[in-house]
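Numbering (the working numbering), first residue to last: 7 to 144.
Yeah, the Cβ is synthetic: ideal placement off N, Cα and C, and Gly gets one too.
Single-structure report; data block below.
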């Protein structure tokens with residue numbers, strides 16, 4: 007009986023250790039993926055904008071430390087979300103794609119396209135809203 011309990015505890019601890027290592031590998035791949043596809047750059051600029059908006063005064067070293075801590079925390083929280091949709095193999099393939107010339111161009115241009123398309127999307131949304139209201143009235 008004692009041996010059975012010991013074996014079960016041992017197997018569970020091995021599985022937990024493997025799971026943590028697996029999560030760390032995935033987190034590392036996710037970090038690289040977010041870096042090459044431009045996501046980390048976006049997080050960084052958003053973080054700087056928020057920092058300025060709140061008027062926080064920190065020396066540059068403390069600010070960089072805090073920013074890195076927050077980005078690391080965010081990535082950790084995103085691991086389960088990405089795991090639901092992308093395998094490690096998917097991330098590796100995407101990383102390779104983003105390292106090609108067209109992949110780098112996509113990463114570079116996506117934030118610009120998003121920014122330029124925002125007013126168009128807002129206008130389009132208003133048009134849809136007007137048409138729906140017209141349909142309701144009819």
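Under three-state DSSP, which class holds residue i?
i: residue 64; result: coil
i: residue 141; result: helix
i: residue 120; result: helix
i: residue 51; result: helix
i: residue 44; result: coil
i: residue 83; result: helix
i: residue 37; result: helix
i: residue 92; result: coil
i: residue 58; result: helix
i: residue 106; result: coil
Answer yes or no: do residue i and residue j have a C-beta to C-beta separation smaller than 8 Å?
i: residue 73; j: residue 53; result: yes
i: residue 29; j: residue 87; result: no
i: residue 32; j: residue 105; result: no
i: residue 77; j: residue 36; result: no
i: residue 97; j: residue 49; result: no
i: residue 42; j: residue 138; result: no
Among residues of its own chain, excluding the 5 on either side of residue i, which ones have a beta-carbon nearer than 7 Å to its beta-carbon?
i: residue 116; result: 44
i: residue 11; result: At residue 11 the pLDDT is 47, less than 50, meaning the model places this residue with poor confidence and gives no usable figure here.
Who are the near neighbours of residue i in its chain, counting only those whose CB is closer than 6 Å to its CB and skipping five residues on each side?
i: residue 64; result: none
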